[in-house]
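Inspection log for the structure reproduced underneath, given as C-alpha cells.
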Amino acid sequence: MKIFISRTLSGIDSLGMEEMPSPGPLGPGQVRIALRSASINYRDLLVLSGALPSVTLPELIPCSDGAGEVVEAAADVSRVKVGDRVALTFNPDWIGGPWEPSRGGAGRGGGIQGVMRQEAVVHQEEAVLIPAHLSFAEGATLPCAAVTAWHALCAAKPLLPGMTVLLQGGGGVSLFALQFAKLFGARVIHVSSSSERCARLKSLGADETVDYRANPQWSTAVRELTGGGVDLAIDIGGADTIERSLASTRMFGRVALVGRLGGRASVVSMGSSYAEMYPVAVGSRQDFEAMNRAIAFHKVRPVIDSRYEFAQLPAALRRLESGRHMGKIVIDFDSLADR
Ligand SMILES: NC(=O)c1ccc[n+]([C@@H]2O[C@H](COP(=O)([O-])OP(=O)(O)OC[C@H]3O[C@@H](n4cnc5c(N)ncnc54)[C@H](OP(=O)(O)O)[C@@H]3O)[C@@H](O)[C@H]2O)c1
C-alpha cells in the first residue's frame, strides 16, 4: 500500500510517499479499513515540525483524521461489519467519561500512526459510523476539528438557546463550532481577519462579525454587541487572543482553551471577567457519537475548502499553513493507481 511518512519531523518537506506491505492478519476485535479520505488539521503541521514533545515515533505516518470502508472484521467483532462506512477516533483509548492521564494523549497521527495510508487495522472500538448523508470526504473532516468544537460547546456544560458564543477565524474547529452553535439556537459573534471573510462567515450563519485586523481592540466591539460580554468564547489563538477572549466574556462566563495559533500564552490577565477557563482535548468516542446524531438528524454538511489527491498532501498542508482556507481541507485517496 502507499503511505506518507516522515522520519525526521522537520516540516512538510520531510514527508515522502512510499510503499509498504499491507497490515497482516487481524487479531481479536480488529477490523481492516480501506481508507478513502483524510482531512488535515493545524495540529498535523505542529506534529510534522517536531513541536509536540509527546510525539516520539521515529517514523511517523501523519494525520489524525480518516474515513473509509470496513473490508474485513475478526470473528468476534460486533460493533461494525464489512461494508460499513466509518471514521477513526482521534484518541483511541478515550471511549467516554472525563479525560484521564492514563489515556496518554498524543492521539492518532502523533502518539500512534496516522491515516495517510491505504489500509489500517484498528480495534473495533476505534471505529465510528459516518452519518449516512455524508460522503467519505465529509466523514473524514469529523474526528479532530468537529469533535473538538462539539466538546468545547457542550461537553462541559450545556449551551442553551439564546446564549451568545464568540468564535474566531474561518478554520476547521471554528466553522464546525459555528454550525453546531446554530443547532443549539445560540447567537454567534464571529471574528475574522478581513471583511471578505467576515461576509463569508455571515453567509454561513454567523449573526454578527468583527474584523479583528481592522479592529485590533475587537473585544470592545464584542462587549458593545452583547451589552456586557458573551456567555462562551472558544479561544483558538492562544497568546494572540486569550486576553481579548477574556475581555469579551461576561462575568462568570466561560472560555474554552482550544488552540494556540498565535503561540502559547504564558501569562494571562484575568481583568474583571471572572470567567471560567477550561481546556479541551478533542473528545471521547461518546462525544463523537453524540455529535454524529446531531449531524445526522439536522443533515449538517461540513464546510470543505478544497480537495487534494493523496500524492498532493504537501500542497494541501501548505494551503493549511497559509491560513487562506475556510473550513476543511480534504485528501481523496481514490486517485491511487491500484484502486
Ligand atoms: N485542544 C484541542 O483539542 C484542539 C483540537 C483541534 C485543534 N486545536 C487547535 O485549535 C487551533 C485551530 O485549529 P484548526 O485546525 O481549526 O486550525 P485552522 O483550520 O488552521 O484555522 C486557521 C484559521 O484561524 C484563523 N487564525 C489564524 N491565526 C490566528 C490567530 N493568531 N488568532 C486568531 N485567529 C487566527 C484564520 O482565520 P481568519 O483569517 O478567518 O481569522 C485561519 O484561517 C489550532 O491551534 C489547533 O492546534 C486544538
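According to our numbering, the sequence shown holds residues 124 to 462 in order. Just so you know, even glycine gets a beta-carbon here, dropped at the ideal spot from N, CA and C.
| Query | Result |
| --- | --- |
| Alpha-carbon to alpha-carbon, I156 and A243 | 5 Å |
| V244: first and last residue of the uninterrupted beta strand (DSSP E) it sits in | E242 to H246 |
| Host alpha helix (DSSP H) of I235 (start-end) | Segment: none, I235 is in no alpha helix (DSSP H) and carries neither H nor E. |
| Beta-carbon spacing of V296, G232 below 8 Å | no |
| Where the alpha helix (DSSP H) through F420 begins and ends | R408 to F420 |
| E249 to V209 span [Cα, whole Å] | 9 Å |
| As assigned by DSSP and simplified to three states, the class of Q340 | coil |
| Local conformation of P402 per DSSP, three classes | strand |
| Own chain residues within Cβ distance below 6 Å of F307, not counting five before or after | L282 |
| Simplified DSSP assignment, three categories, for L183 | strand |
| Strand pairing of L211, partner residues [DSSP] | A250 |
| CB-CB length for V205 against V193, believed under 8 Å | 5 Å |
| Burial state of R462 (16 or more Cβ within 10 Å) | Reliability of the predicted coordinates at R462 is poor, the pLDDT of 46 falling under 50, and no value is obtained from them. |
| Validate contact between the stretch 413 to 429 and the stretch 129 to 141 using beta carbons, cut 8 Å, 3 pairs | no |
| I128 beta carbon near ligand 1 (any heavy atom closer than 7 Å) | no |
| N338, buried or exposed, once every other Cβ within 10 Å from all chains shown has been counted against 16 | exposed |
| Proximal residues to V391 (C-beta, below 6 Å), its chain only, five neighbours per side dropped | I365 |
| Pick from Q409, A329, D428 and R336 that is closest to T212, judged by C-alpha positions | Q409 |
| I135 versus D455, S445 and G450, residue with shortest Cα-Cα distance | S445 |
| The stretch 304 to 319 touching the stretch 287 to 296, judged by at least three CB pairs closer than 8 Å | yes |
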